[in-house]
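Position in the sequence shown (first residue = 1) + 23 = the working numbering.
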Amino acid sequence: MTNQELQSLKNRYDIIGNNPSLNRALEVAVTVAPTDITVLVSGESGVGKENIPKIIHQNSSRKRGKYFAINCGAIPEGTIDSELFGHEKGSFTGAHEMRRGYFEEADGGTIFLDEIAELPLASQAKLLRVLQSGEFIRVGSSKVLKTDVRVIAATNVDLFHAVSKGKFREDLYYRLCAVTITMPALRERPDDINLLFRKFASDFSAKYGYARVALTEDASIMLTKYRWPGNIRQLKNIAETVSALESCRLSPGSDKCVIDMDVLSRYIPREPENLLPAMSPSHQDTPESAAEREAIIRSIFQLKQDVEYLKKIIVEAGLANGQTHAIAPPEHAHMQHNHEPAEDVYGYDDDPEDQEYEAREPEEMSIKASNMGLIEKVLRKHGGNRKEAAAELGISERTLYRKLKQFGK
Ligand SMILES: Nc1ncnc2c1ncn2[C@@H]1O[C@H](COP(=O)(O)OP(=O)(O)O)[C@@H](O)[C@H]1O
Ligand SMILES: [Mg+2]
């Protein structure tokens, strides 16, 4: 595989890093892709194992077939056989209809079985059979069916150890590990840590339209020294949290917010030295917890914008009138519909609630007027550059434009 091919593969799958073990893993994935060999992907949680089955499937002759990713650890033991192999109508309470399983649906395609060590022993026997002969039986049936599926499995525990403890079938283990692709832990690829952080910080600023967080030299070194038990997933979460909480006001002409080691250290957890990475449960992101995290980050992010904006209004109101007004905070309407842009809560929007707000108090009216004064002042400061002014005000350019129009500017 040439360097250029490797680079374009990384671009295609958004894979950052130049570590030799990572490159090797990607090369093996591309090499085995055209075959039907079963592949085992091993590596700690959060190292990026899920990219491998996707690469294999999309570079194989099965690429037009279906691809299913199934987390064996997330399916209750009682339903896993039915999920994988299907069931007949009436085969158990609640089986009102016949249902085809993943192995039947994926005929001609690929199945990725994540956390394979979590598969119960009885299901392991059924998996071995389908791997060896393509044969399987729906739950509640006696009819043998055939399918043509390529299986890629992943594990973050030592499968051989599971075999020695009687938790994993030895024959299945040997069947799965013919080709093993090992993804390196993040601490084994220190040179990639800052590349990854920069990528996540820049993705985050593009996604939320706010200042991009950058690190001082000592903060960068600190990142590379941490042991990253949750690997890339943990680094990504920390990059997002730091970006959300530390995004500071931009200085003109800059799009960065520089964080030093003291600030960064607040976000890096301390962990007991002897804790094995696989034993640390706090970095396992389920889709639900990831969504929850995102919602929390959005709320914090918006609250932060509110607070900064309010501060400005208070200062400005104080300056304009030679005193400080007691200003009630805006109602946090965005907490209910937090996908709305933050600026919509500042009481100068076009919706009916706003008109009501406008009619309420003369003092609030004067706040509104001083908003315009503030906007004009910030615009002057930036020589009329709306982009920079909007950034300093913490609102979008679109909103700034709307406000100017609204006030006939
Ligand atoms: N090389 C990489 N470059 C950028 N992001 C990555 C890379 N590897 C993994 N990620 C991201 O890290 C997170 C964890 O990856 P994932 O494949 O789910 O880990 P695992 O399955 O090993 O627990 C995902 O958000 C993924 O997009
Ligand atoms: Mg995973």
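Quick reminder that beta carbons are idealized off the backbone N, C-alpha and C, glycines included.
Asked                                                                                                                                                                          : Found
Look at the alpha carbon of R122 and the alpha carbon of T102, and state the distance between them as a whole number of angstroms.                                             : 12 angstroms
Enumerate in chain order the residues of its own chain whose CB-to-CB distance from M358 is below 7 angstroms, with the five nearest sequence positions on each side excluded. : With a pLDDT of only 36 at M358, under 50, the local geometry of the prediction cannot be trusted, and no value is derived from it.
If distances are taken between C-alpha atoms only, which option among Q155, D171 and V172 comes closest to R198?                                                               : Q155
How would you write the range of the alpha helix (DSSP H) that K426 sits in, first residue to last?                                                                            : E420 to Q429
Look at Y290 and V330 and say whether their C-beta atoms are less than 7 angstroms apart.                                                                                      : no
Is any heavy atom of ligand 1 found at a distance shorter than 6 angstroms from the C-beta of V70?                                                                             : yes
Under 6 angstroms from any heavy atom of ligand 2, does the C-beta of E433 make it?                                                                                            : Look at the range of the chain in this structure, 24 to 432, and you will see that residue 433 is not part of it.
Quick check on the burial criterion: 16 or more other C-beta atoms within 10 angstroms. Buried or exposed for T54?                                                             : exposed
Answer yes or no: does any C-beta atom of chain C fall closer than 7 angstroms to that of A237?                                                                                : Protein chain content of the structure displayed is limited to a single chain, and chain C is not contained in it.
Excluding the 5 residues flanking I78 on each side, which residues of the same chain have their C-beta closer than 8 angstroms to its C-beta?                                  : L32, Y36, L49, A52, V53 and A56
Taking contact to mean at least 3 C-beta pairs separated by less than 8 angstroms, is the stretch 118-134 in contact with the stretch 164-172?                                 : yes
Have a look at I244 and H184 and give me their C-alpha separation to the nearest angstrom.                                                                                     : 35 angstroms
Where M284 and A237 are concerned, what is the direct C-alpha to C-alpha distance, given to the nearest angstrom?                                                              : 11 angstroms
If you compare alpha carbons, which of G189, L195, L182 and G117 is closest to V162?                                                                                           : G117
Decide if K223 is buried, meaning its Cβ has at least 16 other Cβ atoms within 10 Å, or exposed.                                                                               : Per the sequence shown, the amino acid found at residue 223 is Phe instead of Lys. It is buried - the Cβ of F223 has at least 16 other Cβ atoms within 10 Å.
Give, in chain order, every unbroken run of the beta strand (DSSP E) that is at least 3 residues long and sits entirely within the stretch 80-143.                             : 90-94 and 133-137
Please report how far the alpha carbon of W251 lies from the alpha carbon of A229, in whole angstroms.                                                                         : 25 angstroms
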